[in-house]
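Asker: Submitted below is the structure of interest, expressed as structure tokens.
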Amino acid sequence: MSEKKKNTLLEETASAVCEKTPAKGGRMEMRLAGSGGQGVILASVILAEAAVIAGKYTAQSQSYGPEARGGACRAETLISDTSIGFTKVQDPTFLMTLTEASYQKYAKDLPEGCMLLADESVSSAASRSGAVILPILRTAKEKVGKAQCANIVAVGCINEMLHIVDRESLAKAVAMHVPSGTEKINLTALSEGEKLMQGVTA
Amino acid sequence: MGKVVLMQGNEACVEGAIAAGMRLYAGYPITPSTEIAEISALRLPQVGGTFIQMEDEIASIACAIGGSVAGTKSMTATSGPGFSLKQENLGYAALAEIPLVVVDVQRTGPSTGMPTSPSQGDMMMARWGTHGDHPVIALSPSSVEETYRLIIRAFNLSEKYRTPVLFMMDEIIGHLREGVTLPEEGSIEIEDRLTVRFPDPKRKAYEIKSGRFIPKMAPFGKGQRYNITGLMHDESGFPTNSPEVAEKLMSRLMHKISDHYDDIVQYEAVGMEDADVMIFCYGGTMRAAISAQEELRAQGKRCGIFRPITIWPFPERELRDFAPRLKKIVVAEHNYGQMVLEVERIAGKYCPVEFVGKYNGTVLTPQDIAKAVLGQEEGKEA
Numbered sequence: 123m124s125e126k127k128k129n130t131l132l133e134e135t136a137s138a139v140c141e142k143t144p145a146k147g148g149r150m151e152m153r154l155a156g157s158g159g160q161g162v163i164l165a166s167v168i169l170a171e172a173a174v175i176a177g178k179y180t181a182q183s184q185s186y187g188p189e190a191r192g193g194a195c196r197a198e199t200l201i202s203d204t205s206i207g208f209t210k211v212q213d214p215t216f217l218m219t220l221t222e223a224s225y226q227k228y229a230k231d232l233p234e235g236c237m238l239l240a241d242e243s244v245s246s247a248a249s250r251s252g253a254v255i256l257p258i259l260r261t262a263k264e265k266v267g268k269a270q271c272a273n274i275v276a277v278g279c280i281n282e283m284l285h286i287v288d289r290e291s292l293a294k295a296v297a298m299h300v301p302s303g304t305e306k307i308n309l310t311a312l313s314e315g316e317k318l319m320q321g322v323t324a
Numbered sequence: 161m162g163k164v165v166l167m168q169g170n171e172a173c174v175e176g177a178i179a180a181g182m183r184l185y186a187g188y189p190i191t192p193s194t195e196i197a198e199i200s201a202l203r204l205p206q207v208g209g210t211f212i213q214m215e216d217e218i219a220s221i222a223c224a225i226g227g228s229v230a231g232t233k234s235m236t237a238t239s240g241p242g243f244s245l246k247q248e249n250l251g252y253a254a255l256a257e258i259p260l261v262v263v264d265v266q267r268t269g270p271s272t273g274m275p276t277s278p279s280q281g282d283m284m285m286a287r288w289g290t291h292g293d294h295p296v297i298a299l300s301p302s303s304v305e306e307t308y309r310l311i312i313r314a315f316n317l318s319e320k321y322r323t324p325v326l327f328m329m330d331e332i333i334g335h336l337r338e339g340v341t342l343p344e345e346g347s348i349e350i351e352d353r354l355t356v357r358f359p360d361p362k363r364k365a366y367e368i369k370s371g372r373f374i375p376k377m378a379p380f381g382k383g384q385r386y387n388i389t390g391l392m393h394d395e396s397g398f399p400t401n402s403p404e405v406a407e408k409l410m411s412r413l414m415h416k417i418s419d420h421y422d423d424i425v426q427y428e429a430v431g432m433e434d435a436d437v438m439i440f441c442y443g444g445t446m447r448a449a450i451s452a453q454e455e456l457r458a459q460g461k462r463c464g465i466f467r468p469i470t471i472w473p474f475p476e477r478e479l480r481d482f483a484p485r486l487k488k489i490v491v492a493e494h495n496y497g498q499m500v501l502e503v504e505r506i507a508g509k510y511c512p513v514e515f516v517g518k519y520n521g522t523v524l525t526p527q528d529i530a531k532a533v534l535g536q537e538e539g540k541e542a
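As given, the protein sequences belong to chains A and W, one line each in that order. Every letter in the first sequence is one number past the one before it in the working numbering, and letter 100, counting from 1, is 222. Every letter in the second sequence is one number past the one before it in the working numbering, and letter 123, counting from 1, is 283.
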């Protein structure tokens, strides 16, 4: 996909989400998917934590069982300006997948206007119109220097894409949840994620 | 307003319990309650408390009972299979009048069922799980914040009435993370059991002063010697087969709860002022009900919600007040039909009572509940 085409699609999907959210009380329904161990659950918790710091309502839940230890797992974060009733994602406004398996499992039947962010390794996502495809895993490994930071790179990408919270709240949330002593490298990962998305939207 | 923090339901259960004064947690981990054990193991040593993992669920409740007898506020947590195992000692704590909080984060049963799936299938076991007539207090929270506040109340009620209190959570709330507004420091009301300060060799362990229901409780090992038993006992605490004594004791045990109905029973009514249809739900099911009720109100339906916060004793007086002006009640719960039996008993003679449930491990959606309110069958459009 050419950069230009990618940008147009991103703008289209972004505007679709913007049109959609006010009607739902600024409600964002995010599903993050990947392979157990990649840290998608932590990424989802960090987004929820950032929402709380920024004074928003949030509801976060995740898949339990064997898939959380490998296989396709998912986590959900709802963020809203008003209080949240039903706590499960029914009509996702955003999906991120880090693996082909999780794409196959969770990208089926996505509602129209649902934004999709996928790692470059998710080959099937390329054919989906409006998909934003970025080298999330590779950035963690090569630019940040630590493959385990891929989830924080993803968090940076997501916030830059959806503008959920201010950067300060997000950085605070990251620092709260990563193992102590790894704050610096994880904040680097966050910046790299933001830059990655800025490259698309610039 | 206090600080807002992100917490998981199970975490809020531990933090609230510690705020209430819990200093002993004895447990055997089981999904979906495991985080309660994990977080207790981390947090209790930080506040001078004790965490102990016992060899099974029976030993866990026995340990918590022992801790409480010694004067320490104690808790154990489990899920359905473990809750079954705890029933025998629950009866013991009820008869021996030992304050205790037992948390059940319900998952789909019966037996080991579906460990990670939500359920509200233990509601009748909470009432009748242990054999014999016995008093019960059971509470059920519907948000993470309410979990924090309500577990404090669970401890307070158990201390005040010298009885085990059952804290009936479900996987929906146990595993949910939400923002919790913590109470301001010093604003939390704590109730402690009436205790015996000075040992007296002649003191009767279960002595009842006239007009009172609840005997003072001496901490075991602090000088006051007395007997505790699961047999019917007289005021000295020693076993008896006397019908008169047994009747007096049973009557007092039941009355100490039923005579304090107003103090114990709490409920929430949403949009019930002008409602002609009531959604009856509790615990995590409330979340789908709120979304359903908002949608139905937007469509002009006069729909309200009645949610017992105290499940046992059942809030029958309040339900009976609402029932005569309703066209129908829809009971929504994650089981094959349990609390609906109570609703039918109380309200059935005033209006139709319908049931919508889930027992396959998935959750009731707002659409499921709205359909039931509108009287549409599953899969049929209006």
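For glycine and all other residues, C-beta sits at the position ideal for the given N, C-alpha and C. Just so we're clear, the structure is a prediction, and the values are computed from it rather than from any experiment.
Determine the chain A residues that contact ILE469 of chain W at a beta-carbon separation under 8 Å, and present them in chain order.
Answerer: What you label residue 469 of chain W is simply residue 309 of the second sequence in a count that begins at 1. The premise fails here: ILE469 of chain W is roughly 17 Å from chain A at the closest Cβ pair, so nothing lies under 8 Å.
Asker: Can you have a look at ASP216 of chain W and say buried or exposed, based on whether 16 or more other CB atoms are within 10 angstroms of its CB?
Answerer: For the purposes of this step, residue 216 of chain W is taken as residue 56 along the second sequence, with counting starting at 1. Its Cβ having fewer than 16 others within 10 Å, ASP216 of chain W is exposed.
Asker: Does chain A have any CB closer than 7 Å to the CB of LEU310 of chain W?
Answerer: The sequence position of residue 310 of chain W within the second sequence is 150, counting from 1. So no, LEU310 of chain W is outside the interface.
Asker: With H, G and I counted as helix, E and B as strand and the rest as coil, what does DSSP make of LEU326 of chain W?
Answerer: Position 166 of the second sequence holds residue 326 of chain W. Three-state DSSP puts LEU326 of chain W in a strand.
Asker: For the alpha helix (DSSP H) that ASP264 of chain W lies in, which residues bound it at each end?
Answerer: Taking the second sequence and counting its residues from 1, one reaches residue 264 of chain W at position 104. First-last for ASP264 of chain W: 260-268, but that is the beta strand (DSSP E), not the alpha helix (DSSP H).
Asker: Output the boundary residues of the alpha helix (DSSP H) element that contains VAL229 of chain W.
Answerer: The residue labelled residue 229 of chain W in the question sits at position 69 within the second sequence. Counting along the chain, the alpha helix (DSSP H) containing VAL229 of chain W begins and ends at 217-229.
Asker: Give the straight-line distance between the Cα atoms of GLU151 of chain A and ILE163 of chain A, rounded to the nearest whole angstrom.
Answerer: As a position in the first sequence, residue 151 of chain A is number 29, starting the count at 1. As a position in the first sequence, residue 163 of chain A is number 41, starting the count at 1. The alpha-carbon atoms of GLU151 of chain A and ILE163 of chain A are separated by roughly 15 Å.
Asker: Look up ALA449 of chain W in the DSSP assignment and say whether it is helix, strand or coil.
Answerer: Locating residue 449 of chain W in the second sequence gives position 289, counting from the first residue. Of the three classes helix, strand and coil, the one that applies to ALA449 of chain W here is helix, per DSSP.
Asker: Can you tell which of A:LYS263, A:GLN226, A:ALA247 and A:MET237 has the C-alpha that lies nearest to the C-alpha of PRO214 of chain A?
Answerer: The residue you call residue 214 of chain A lines up with position 92 of the first sequence. Among A:LYS263, A:GLN226, A:ALA247 and A:MET237, the Cα nearest to that of PRO214 of chain A belongs to A:MET237.
Asker: Roughly how far, in whole angstroms, is the beta-carbon of TRP472 of chain W from the beta-carbon of ILE297 of chain W, given that I think they are within contact range, below 8 Å?
Answerer: Looking up residue 472 of chain W in the second sequence gives position 312. Looking up residue 297 of chain W in the second sequence gives position 137. So it is a contact: roughly 6 Å between Cβ atoms.
Asker: Rounded to the nearest angstrom, what separates VAL277 of chain A and GLU171 of chain A at their Cα positions?
Answerer: Reading the first sequence from its first residue, position 155 is the one you call residue 277 of chain A. Reading the first sequence from its first residue, position 49 is the one you call residue 171 of chain A. Distance between the alpha carbons of VAL277 of chain A and GLU171 of chain A is about 12 Å.
Asker: Could you check how far apart the C-beta atoms of ALA194 of chain A and SER157 of chain A are, in whole angstroms? I think they sit under 8 Å.
Answerer: For this step, residue 194 of chain A is matched to residue 72 along the first sequence. For this step, residue 157 of chain A is matched to residue 35 along the first sequence. Going by Cβ atoms, the distance from ALA194 of chain A to SER157 of chain A rounds to 7 Å, so yes, they are a contact pair.
Asker: Going along the chain, which residues of the segment 177-209 of chain A sit with their C-beta nearer than 7 Å to a C-beta in chain C?
Answerer: Absent here is chain C; the protein component of the structure consists of chains A and W.
Asker: Look at the alpha carbon of ILE465 of chain W and the alpha carbon of GLY273 of chain W, and state the distance between them as a whole number of angstroms.
Answerer: Counted from its first residue, the second sequence places residue 465 of chain W at position 305. Counted from its first residue, the second sequence places residue 273 of chain W at position 113. In a straight line, the C-alpha of ILE465 of chain W is about 30 Å away from that of GLY273 of chain W.
Asker: Please report whether the beta-carbon of THR400 of chain W lies at a distance below 7 Å from any beta-carbon of chain A.
Answerer: Taking the second sequence and counting its residues from 1, the one referred to as residue 400 of chain W is at position 240. THR400 of chain W does not count as touching chain A.
Asker: From GLY443 of chain W to MET328 of chain W, what distance separates their C-alpha atoms?
Answerer: Here residue 443 of chain W is taken as the residue at index 283 of the second sequence, counted from 1. Here residue 328 of chain W is taken as the residue at index 168 of the second sequence, counted from 1. Taking the straight line from one Cα to the other gives about 8 Å.
Asker: List the endpoints of the continuous alpha helix (DSSP H) containing GLU344 of chain W.
Answerer: On the second sequence, residue 344 of chain W is found 184 positions in, with the first residue counted as 1. Taken as a continuous stretch (DSSP letters only), GLU344 of chain W belongs to no alpha helix (DSSP H), as it is neither H nor E.
Asker: Give the C-beta separation of THR194 of chain W and ARG267 of chain W to the nearest angstrom, bearing in mind that I take them to be a contact with Cβ-Cβ under 8 Å.
Answerer: Reading the second sequence from its first residue, position 34 is the one you call residue 194 of chain W. Reading the second sequence from its first residue, position 107 is the one you call residue 267 of chain W. Not quite, the Cβ-Cβ distance comes to about 11 Å (not below 8 Å), so this is no contact.
Asker: CA-CA distance, ALA378 of chain W and ILE280 of chain A?
Answerer: Taking the second sequence and counting its residues from 1, one reaches residue 378 of chain W at position 218. Taking the first sequence and counting its residues from 1, one reaches residue 280 of chain A at position 158. The alpha-carbon atoms of ALA378 of chain W and ILE280 of chain A are separated by roughly 58 Å.
Asker: Would you report the Cα separation of ALA186 of chain W and GLN213 of chain W, rounded to the nearest angstrom?
Answerer: Within the second sequence, the letter at position 26 stands for residue 186 of chain W. Within the second sequence, the letter at position 53 stands for residue 213 of chain W. Going from the Cα of ALA186 of chain W to the Cα of GLN213 of chain W covers about 6 Å.
Asker: Kindly identify the DSSP beta-bridge partner or partners of ASP241 of chain A.
Answerer: Start at 1 with the first residue of the first sequence, and residue 241 of chain A comes out as number 119. ASP241 of chain A is bridged to A:LEU256.
Asker: With 16 as the cutoff for other CB atoms within 10 Å, does ASP207 of chain W come out buried or exposed?
Answerer: Taking the second sequence and counting its residues from 1, the one referred to as residue 207 of chain W is at position 47. One point to set straight first is that residue 207 of chain W is Val, not Asp, in the sequence displayed. Counting Cβ neighbours within 10 Å, VAL207 of chain W comes out exposed, since fewer than 16 surround it.
Asker: Can SER451 of chain W and PHE216 of chain A be called in contact, C-beta distance under 7 Å?
Answerer: On the second sequence, position 291 is the one that residue 451 of chain W refers to. On the first sequence, position 94 is the one that residue 216 of chain A refers to. Their beta carbons are not under 7 Å apart, which means SER451 of chain W does not touch PHE216 of chain A by this criterion.
Asker: Measuring CB to CB, does VAL491 of chain W end up less than 7 Å from CYS463 of chain W?
Answerer: Translated into the one-based positions of the second sequence, residue 491 of chain W becomes position 331. Translated into the one-based positions of the second sequence, residue 463 of chain W becomes position 303. Their beta carbons are not under 7 Å apart, which means VAL491 of chain W does not touch CYS463 of chain W by this criterion.
Asker: Counting C-beta neighbours from all protein chains within 10 Å, is the total for LEU456 of chain W 16 or more, i.e. buried, or is it exposed?
Answerer: As a position in the second sequence, residue 456 of chain W is number 296, starting the count at 1. Buried.
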